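Undergrad: Under our numbering, the first residue of the sequence shown is numbered 12, with each subsequent residue one higher. Note that CB positions come from ideal geometry on N, CA and C, so glycine has one too. What you are looking at is a predicted structure, and each value in this text was computed from that prediction instead of being measured. Got a structure for you, written out below as structure tokens; questions coming shortly.
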Amino acid sequence: MNAQCVSHSPGLRAWLGLLVVLGPVLLVAMDGSVLFLAMTEISEALSPTADQALWVLDVYGFAVGSLLVAFGNIGDRYGRLKLLMTGTAVFGAASTGAAFAPGPELLIAFRALMGVAGATLLPSALAVLSELFPDPRRRAKAIGIFAATFAAGFAIGPVVGGQLLSSFWWGSVFLINLPVVVLFLVLAPVLLREVRATRTGRIDVLSVVLSAAGILLTVYAIKQAAAAGLTATPMATGIVGILTLGWFVRRQLRLEHPLIDFSLFRDRVFAIAAITGLLPLAAWSATAYLGGIYLQSVLGLTVLDAALVALPGAAALTVTCIVTPALVARTGTRAAFISCHFFIAAGLLLLLVTSASSGIGWYVASTVIAGLGYGISFSVVADTVVAAVPAERAGSAAAIAETSNEIGNALGIALLGSLAALIFRLQGPDVAGTLNETLQVPGLTTAVIGDAKSAFVTGLHIAAVIAGILHAALGVFALRHLPRPSTSSTDDVHSDPSAQDTIEGSSVR
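Structural data, given as structure tokens:
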């Protein structure tokens with residue numbers, strides 16, 4: 012343990028330090044979803060194309076996800092507090108720029124910069140918690156609070172955005188970040204101490220470039236194919252992106268100090284945990300984004316009413332995330348991994364009952380039931396991944412967990428959102444590329460409006476079915492392949508407070 016760390020008996024200072032760290036964590040998570048209900052007003056104010064609107068939403072998540080692992084390693088080597096301070100300051104500046112962006116291009120650029128800054132915060136924040144709370148029981152509790160805050164940020168983002176938009180212009184959803192940023196920059200140097208891990212080697216710049224370029228090129232190809240059809244340009248871009256990601260993976264397997272230690276994925280528990288970090292966020296982000304449009308543009312709810320409709324699901328997610336560590340201590344991680352996917356699948360499939368004329372009750376039921384699964388998954392993944400490695404690798408391991416979350420958040424909108432856009436383009440009235448653009452065209456007949464809304468609901472249904480099937484399949488896989496508590500000490504780590512502080516090697520015990 013680094014000599015600069017707090018003592019093994021965390022007192023008031025440690026818990027105050029936790030509260031300070033949670034501020035940026037809440038912001039990073041909330042900004043991944045705060046625009047879901049704001050896109051209608053942003054579309055009216057800035058008139059982005061369908062492709063630009065999707066980039067406004069998910070360039071943030073891709074910037075965070077593509078750089079989390081690199082910044083996890085940088086924090087381990089050069090100082091986690093220093094990285095937290097720098098990232099928070101840049102995050103605040105980029106939020107200000109986004110709030111006053113005069114057009115979609117600059118808004119996308121500032122959202123990307125916010126993502127770069129956000130990538131500096133999450134792995135360092137979780138690694139700092141591991142240093143503040145060396146005792147396994149208290150560390151698990153602190154990580155549970157961290158996970159609950161992260162989940163709450165995603166969950167309340169649309170609600171906060173809706174509340175702000177009911178009184179202010181769309182830029183207010185970014186300016187809300189500034190008070191938290193200022194408070195952190197003032198209190199962090201007082202309550203937190205600089206922590207570095209003893210690491211060798213340098214950051215492989217080429218690996219950082221390959222991972223970021225591969226992700227962005229592949230997603231760009233998907234978006235272009237959904238918006239304009241499968242032409243030569245998106246096909247060529249997609250092939251280059253996939254080859255780039257393959258190059259990245261091969262390079263990691265050869266490097267002495269890789270950005271991602273793929274040997275960790277040989278353990279079934281760790282691998283399922285990583286997938287569980289990605290898939291639920293993909294399903295949640297896509298259905299929350301599409302659900303926001305459904306409530307406002309299809310059913311005609313105001314932005315404030317749409318925010319209130321989203322509140323029960325957000326509450327279910329947050330409360331479940333808080334109580335999950337106590338439940339896992341009794342039932343084990345196996346039961347948690349299995350149940351979360353079946354809850355999510357059941358909730359998603361309830362969206363099939365919604366229609367272009369009604370469905371608010373079914374939508375609320377869907378978000379509440381799926382929210383139970385989301386809350387379980389968010390809580391279990393963080394603790395499992397951090398417990399899988401020695402303390403000096405905490406930042407890198409946390410980066411893997413948060414990368415799966417952020418990439419999942421962005422992929423949900425990119426893949427399922429693009430699929431819904433493709434369905435609308437194929438089945439809609441062919442007036443404009445999106446539902447919101449179509450409804451803004453003057454002189455539309457009632458029949459055309461009805462066709463447009465029905466086409467959007469069909470896209471929502473197809474996205475929900477695909478996500479639901481994937482979750483059901485992963486639940487069955489976990490049921491068949493995860494070891495039972497009697498043969499896996501992973502559950503023992505959660506249930507036994509005397510379990511070892513860190514777990515050597517790549518296996519999750």
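Which residue comes first and which comes last in the alpha helix (DSSP H) that contains His-482?
TA: Element bounds for His-482: 457-492.
Undergrad: By the DSSP assignment, the alpha helix (DSSP H) with Trp-180 in it spans what residues?
TA: No alpha helix (DSSP H) holds Trp-180; DSSP gives it neither H nor E.
Undergrad: Closest to Gly-444 by CA distance: which of Ser-222, Lys-234, Arg-261 is it?
TA: With distances taken between Cα atoms, Gly-444 lies closest to Lys-234.
Undergrad: At a cut-off of 7 Å, is Leu-23 close to the ligand MN when judged by its beta-carbon and the heavy atoms of the ligand?
TA: Here there are no bound small molecules, and the ligand MN is not part of this structure.
Undergrad: Quick one: what does DSSP say Phe-165 is sitting in, helix, strand or coil?
TA: Phe-165 falls in the helix class under three-state DSSP.
Undergrad: Would you tell me roughly how many angstroms separate the C-alpha atoms of Val-392 and Thr-456, rounded to the nearest one?
TA: Spanning the two alpha carbons is a distance of roughly 49 Å.
Undergrad: I believe Ala-297 touches Ala-474 by the beta-carbon criterion, under 8 Å. Please report the beta-carbon distance rounded to the nearest angstrom.
TA: Indeed, because the Cβ distance is near 6 Å, the residues count as touching under 8 Å.
Undergrad: Does chain C have any CB closer than 8 Å to the CB of Leu-65?
TA: Absent from the structure is chain C; it holds one protein chain and no more.
Undergrad: Would you decide whether His-492 is buried or exposed? Buried here means 16 or more other CB atoms lie within 10 Å of its CB.
TA: When all chains shown are included, His-492 counts as exposed.
Undergrad: Check Gln-174 in the structure and name its three-state DSSP category.
TA: DSSP places Gln-174 in helix when its eight states are reduced to three.
Undergrad: Would you check if the distance between the CB atom of Gly-126 and the CB atom of Ala-81 is smaller than 8 Å?
TA: It is not a contact, given that the beta carbons lie outside the stated cut-off.
Undergrad: Are there 16 or more other CB atoms within 10 angstroms of the CB of Val-452, so buried, or fewer, so exposed?
TA: So Val-452 ends up on the exposed side.
Undergrad: Which residues bound the alpha helix (DSSP H) around Thr-97?
TA: Element bounds for Thr-97: 91-110.
Undergrad: Is Phe-348 closer than 8 Å to Thr-287 when the C-beta atoms are compared?
TA: The answer is yes: Cβ separation under 8 Å.
Undergrad: In three-state terms, what does DSSP make of Glu-267?
TA: Correct three-state label for Glu-267: coil.
Undergrad: Since Arg-91 and Val-31 should fall inside the 8 Å C-beta cutoff, what is the C-beta to C-beta distance between them, to a whole number of angstroms?
TA: Wrong, their Cβ atoms sit about 13 Å apart, outside the cutoff.
Undergrad: So, are the CB atoms of Val-184 and Ala-340 less than 8 Å apart?
TA: The answer is no: Cβ separation not under 8 Å.
Undergrad: Please report the distance separating the alpha-carbon of Ala-247 from that of Thr-255.
TA: The straight-line gap from Cα to Cα measures roughly 12 Å.
Undergrad: Could you name each continuous alpha helix (DSSP H) segment of 4 residues or more that falls completely within the segment 418-446, going from the start of the chain to the end?
TA: Listed in chain order, the complete alpha helix (DSSP H) runs (minimum 4 residues) inside the segment 418-446 are 429-438.
Undergrad: Taking the CB atoms as reference points, tell me whether Val-459 and Val-442 lie closer together than 8 Å.
TA: Taking 8 Å as the Cβ cut-off, Val-459 and Val-442 qualify as a contacting pair.
Undergrad: Can you tell me the Cα-Cα spacing of Leu-361 and Ala-326, whole angstroms?
TA: The alpha-carbon atoms of Leu-361 and Ala-326 are separated by roughly 18 Å.
Undergrad: With 16 other CB atoms within 10 Å as the buried threshold, where does Thr-242 fall?
TA: Classification for Thr-242: exposed.
Undergrad: Got a sec? Which residues, its chain only, sit under 8 Å from His-482 by beta carbon, not counting five neighbours each side?
TA: Cβ within range, chain order: Leu-290, Pro-291, Ala-294, His-352, Phe-353, Ile-355, Ala-356, Leu-359, Gly-384.
Undergrad: Are there 16 or more other CB atoms within 10 angstroms of the CB of Ala-484, so buried, or fewer, so exposed?
TA: So Ala-484 counts as exposed.
Undergrad: At a cut of 8 Å, does the segment 173-188 reach the segment 98-109 through at least three beta carbon pairs?
TA: Verdict: yes, contact present.
Undergrad: Check whether the Cβ atoms of Gly-257 and Phe-47 lie closer than 8 Å to each other.
TA: No, Cβ-Cβ distance for Gly-257 and Phe-47 is not below 8 Å.
Undergrad: With DSSP as the reference, label Gly-34 as helix, strand or coil.
TA: It is helical.
Undergrad: Quick one: Cα of Val-260 to Cα of Ala-376, how far?
TA: Going by the C-alpha atoms only, they are around 41 Å apart.
Undergrad: Quick check on Thr-60: does DSSP put it in helix, strand or coil?
TA: The answer is coil: DSSP assigns Thr-60 none of H, G, I, E or B.
Undergrad: Give me the residue from Val-309, Leu-37, Leu-328 with the minimum Cα distance to Gly-461.
TA: Comparing Cα positions, the closest option is Val-309.
Undergrad: Using a threshold of 8 Å, state whether the C-beta atoms of Ala-163 and Leu-95 are closer than that.
TA: It is not a contact, given that the beta carbons lie outside the stated cut-off.
Undergrad: In the DSSP assignment, find the alpha helix (DSSP H) that holds Phe-7 and state where it starts and stops.
TA: It is not possible to answer for residue 7, since the shown part of the chain is limited to 12 through 520.
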